[in-house]
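A.B. asks: Have a look at the structure that comes next, please.
Numbering (my numbering), first residue to last: -1 to 238.
What follows is the structure, given as structure tokens:
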């Protein structure tokens, strides 16, 4: 439910937009109309018109913007009831499309995992997020996966454009969001959007015990914060 008791933005508050499928508050490049906290809005992005909610954006140092991050160019309008109804219809269509992806994956026997389907608010395309199954190095090398027949068939069935977007374990964690062992939101959501390389050497430089399970995040990979803190140790001449 929208809260109408919040003060309208006067340009001093860091407002942003949060979308359903991402645990991130994206800054608004140009704010030309007054908005309120928790207010539903339709915004313009490089992906098309999208539906989101106004939220407070905290400033985090060393933000690294990923190439495929969403850019909110402007707020087009405060969402109407028709916009809200459209948003709920798209949610059902996303669920139906996801189930179709699962069914076709069983049919084509593709070594991939589909885990999220997003339909852009203007209805012109679906974005389907997936990742390849882990490679078993004991088996012969796997041939390059051809997903084109799957895309063509699904596009014809849904009568719209299909965009596949492959992500790794870190990318999957970024999409779903959550809390790390520190109790704060995941680094890949907050500051490490670009996905910097994290190595065991970084843990050694910080004098940490090399215990891979304890040094791993929810994605199963080494925690991003090892990279975040490394420069501080180097500046303090802890690294020999």
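Note that beta-carbon positions come from the ideal geometry of N, C-alpha and C, so glycine has one too.
(1) Would residue 224 be called buried (16 or more neighbouring beta carbons within 10 Å of its own) or exposed?
(2) Whole angstroms is fine: what's the gap from residue 114's alpha carbon to residue 88's?
(3) Quick one: measure Cβ to Cβ for residue 95 and residue 124, integer angstroms, because I've assumed they're closer than 8 Å.
(4) Judging by CA-CA distance, which residue of 77, 121, 100 is the nearest neighbour of residue 31?
(5) Can you tell me whether DSSP reads residue 212 as helix, strand or coil?
(6) Between 156, 184, 42, which has its C-alpha nearest residue 71's C-alpha?
(7) Note down, one range per segment and in chain order, each beta strand (DSSP E) of at least 3 residues found wholly within the stretch 46 to 119.
(8) Please report the straight-line C-alpha distance between residue 16 and residue 23, rounded to a whole angstrom.
(9) Suppose you measure from the CA of residue 206 to the CA of residue 183; what does that come to, to the nearest Å?
(10) Between which two residues does the alpha helix (DSSP H) containing residue 198 stretch?
(11) Should residue 126 go down as buried or exposed, given a rule of 16 or more other Cβ atoms within 10 Å for buried?
(12) Taking residue 128 and residue 161 to be in contact with their CB atoms under 8 Å, please state how far apart those CB atoms are, rounded to whole angstroms.
(13) Mapping DSSP to helix, strand and coil, what is residue 28?
(14) Can you tell me whether residue 266 is helix, strand or coil according to DSSP?
(15) Let's see if you can read the secondary structure: which residues bound the beta strand (DSSP E) around residue 43?
(16) Looking only at its own chain, which residues have a Cβ that is under 7 Å from the Cβ of residue 209, when we skip the five neighbours before and after it?
(17) Classify residue 197 as buried or exposed, calling it buried when 16 or more other Cβ atoms lie within 10 Å of its own Cβ.
(18) Please report how far the alpha carbon of residue 159 lies from the alpha carbon of residue 85, in whole angstroms.
(19) Pick from 75, 157, 104, 103: whose alpha carbon is nearest that of residue 33?
(20) Could you spell out the range, first to last residue, of the beta strand (DSSP E) harbouring residue 17?
(21) Considering only C-alpha positions, which residue in the set 100, 44, 179, 149 is nearest to residue 120?
C.D. replies: According to the structure shown:
(1) Counted from its first residue, the chain shown places residue 224 at position 226. Residue 224 should be labelled buried.
(2) Your numbering for residue 114 matches position 116 in the chain shown. Your numbering for residue 88 matches position 90 in the chain shown. So the two alpha carbons sit approximately 14 Å from each other.
(3) Sequence index remark: in the chain shown, residue 95 carries index 97 (1-based). Sequence index remark: in the chain shown, residue 124 carries index 126 (1-based). Their Cβ separation, rounded to whole angstroms, is 6 Å, which keeps residue 95 and residue 124 in contact under 8 Å.
(4) One-based indexing of the chain shown puts residue 31 at position 33. Comparing Cα positions, the closest option is 77.
(5) In the chain shown, the residue the question calls residue 212 occupies position 214. Of the three classes helix, strand and coil, the one that applies to residue 212 here is helix, per DSSP.
(6) Stepping through the chain shown from its first residue, residue 71 is reached at position 73. Nearest C-alpha to residue 71: 42.
(7) 46 to 54, 70 to 76, 110 to 117
(8) Residue numbering aside, residue 16 sits at position 18 when the chain shown is read from its first letter. Residue numbering aside, residue 23 sits at position 25 when the chain shown is read from its first letter. Each residue's alpha carbon lies about 5 Å from the other.
(9) Within the chain shown, residue 206 is the residue found at index 208, counting from 1. Within the chain shown, residue 183 is the residue found at index 185, counting from 1. Each residue's alpha carbon lies about 22 Å from the other.
(10) As a working mapping, residue 198 is identified with position 200 in the chain shown. Looking at the DSSP string, the run of the alpha helix (DSSP H) that includes residue 198 is 198 to 203.
(11) Working through the chain shown from its first residue, we reach residue 126 at position 128. Buried, because 16 or more other Cβ atoms sit within 10 Å of the Cβ of residue 126.
(12) In the chain shown, the residue the question calls residue 128 occupies position 130. In the chain shown, the residue the question calls residue 161 occupies position 163. Actually they do not touch by this definition, with Cβ atoms about 11 Å apart.
(13) Reading the chain shown from its first residue, position 30 is the one you call residue 28. Residue 28: strand per DSSP, three-state reduction.
(14) There is no way to answer for residue 266, as the model of the chain reaches only from -1 to 238.
(15) Numbered from 1 along the chain shown, position 45 holds the residue referred to as residue 43. 38 to 43 is the span of the beta strand (DSSP E), which, as asked, contains residue 43.
(16) Counting from one through the chain shown, the residue named residue 209 turns up at place 211. So no residue of the chain qualifies.
(17) Locating residue 197 in the chain shown gives position 199, where the first residue counts as 1. It is exposed - the Cβ of residue 197 has fewer than 16 other Cβ atoms within 10 Å.
(18) If you number the chain shown from 1, residue 159 lands on position 161. If you number the chain shown from 1, residue 85 lands on position 87. If you take the alpha carbons of residue 159 and residue 85, they lie about 18 Å apart.
(19) Here residue 33 refers to the residue found at position 35 of the chain shown. For the residues 75, 157, 104, 103, the minimum Cα distance to residue 33 belongs to 75.
(20) Translated into the one-based positions of the chain shown, residue 17 becomes position 19. Careful: residue 17 lies outside any beta strand (DSSP E) and carries neither H nor E.
(21) Counting from one through the chain shown, the residue named residue 120 turns up at place 122. The residue with the shortest Cα to Cα distance from residue 120 is 44.
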